[in-house]
Amino acid sequence: MALALAAVPAMAALVVAGGRSLKGSESTVTVDQIDPAADMIPDQDTGPAPQEPATSAIMAPAAPQPPKPVVHSRAIDPDIVALPELPTGELERVEPRAPLSDLALAGPPRPRKSKMPDGRDGTKLFQPVAPAAGVIQAKDYSVTVSDIDIVRADETCSDEGKSWACGARARTAFRAFLRGRTAVCAVPPQSGRGANSTECWVGNKDVGEWLVENGWARAARGGPYVEAENKARAAKKGIFGAVPNLGGLPALPAAAGPAPAAPASILPAEDSAVTPPADQPAPAR
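Using my numbering, the letters of the sequence shown correspond one by one to residues 10 to 294.
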């Protein structure tokens, strides 16, 4: 018993010493990974090929790969939006192109310039309005045809003691001449818009000459239309003619008489007393 009790501490000391020696001698072991597919490929002629060491696959250099062809077009993927390739050279700044039409300009369009039949520059007046025979208005322009004596819209003429509204008749004829057409007038550039007195043309027809030769205006003294006025007087055209015959026009409606007075009551005189309404049946439930 005494020997057994004395041997217990000695055995414990041996166990501790052995554990310390084992802990100091630990080392790291590296295990190579082996490709199992390499061992399963047999040789058709000589049987299974000899297996190479596992480390040969790791240490062997990679085989050179052939160069990839240059792709000139970008890849298209419906789920990816790719930016186009930007040019590598320096950009060149060029002048802007001219506008395609007057509508592209910033501001209201201006009347286009046009050549008149005599070669001078003219201004096109679109959709002209004639407040009197010989006066043209379009946009902000107000042009009086030169070398004529215009007939005012309220002017009256007499023939054999009868007066008629020749000014209104001349204005109506001039409006019919301008309807749906464009007048070209030699508006001076320095005058700009506003009241001007100049020559105007519609197509190849001189507006002043047309007014005088048809008797809707008088020629100015010493002007180019004196001979045209003499011919119009001789032919009794326009304001130089007789009173226009209005017999073919429908007669004006007769003036309506005074409206009858409204009655004091819509009920007849004998029914002046208010009649009570008849008994109505009760509504069905």
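Using N, Cα and C, we set each Cβ at its ideal position, and we do this for glycine too.
Gly-247 and Asn-239 have their C-alpha atoms spaced approximately 12 Å apart.
Here DSSP, grouped into helix, strand and coil, assigns Asn-239 to helix. In the three-state reduction of the DSSP assignment, Ala-291 falls in the coil class. By the CB criterion at 8 Å, Arg-227 and Ile-157 fall inside the cutoff. Remark: C-beta atoms of Ala-139 and Arg-161 do not approach each other more closely than 8 Å. With a contact defined as Cβ atoms closer than 8 Å, Val-211 and Leu-187 qualify at about 7 Å. At the C-beta level, Glu-208 and Ala-237 stay beyond 8 Å of one another.
Across the structure, Ala-174 and Val-154 are spaced so that their CA atoms are roughly 22 Å apart.
With 16 or more neighbouring CB atoms inside 10 Å of its own CB, Pro-137 falls in the buried class. For Thr-132, the closest of Met-10, Thr-191, Pro-269 by C-alpha to C-alpha distance is Thr-191.
Per the C-alpha coordinates, the member of Ala-251, Val-216, Phe-249 positioned closest to Tyr-234 is Val-216.
Taken in chain order, the whole alpha helix (DSSP H) runs of length 4 or more contained in the segment 155 to 225 are 175 to 187, 216 to 222. Residue Gly-176 holds the alpha-carbon nearest to the alpha-carbon of Glu-164 among Gly-176, Gly-170, Ser-172. Note on Arg-178: 16 or more other CB atoms within 10 angstroms of its CB, so buried under the neighbour-count rule. One alpha carbon belongs to Cys-166, the other to Arg-106, and they sit about 59 Å apart.
For Gln-146, the enclosing beta strand (DSSP E) starts and ends at 144 to 147. Arg-230 and Ile-159 have their C-alpha atoms spaced approximately 13 Å apart. Gly-128 sits away from Leu-220, with the two beta carbons spaced by 8 Å or more. Where Asp-130 is concerned, the enclosing beta strand (DSSP E) starts and stops at 130 to 134. Rounded to whole angstroms, the gap between the alpha carbons of Gly-250 and Asp-168 is 8 Å.
Arg-180 is classed as buried because its beta carbon has at least 16 other beta carbons within 10 Å across all chains shown. Between Val-196 and Asn-205, the C-beta gap is smaller than 8 Å, which places the two residues in contact.
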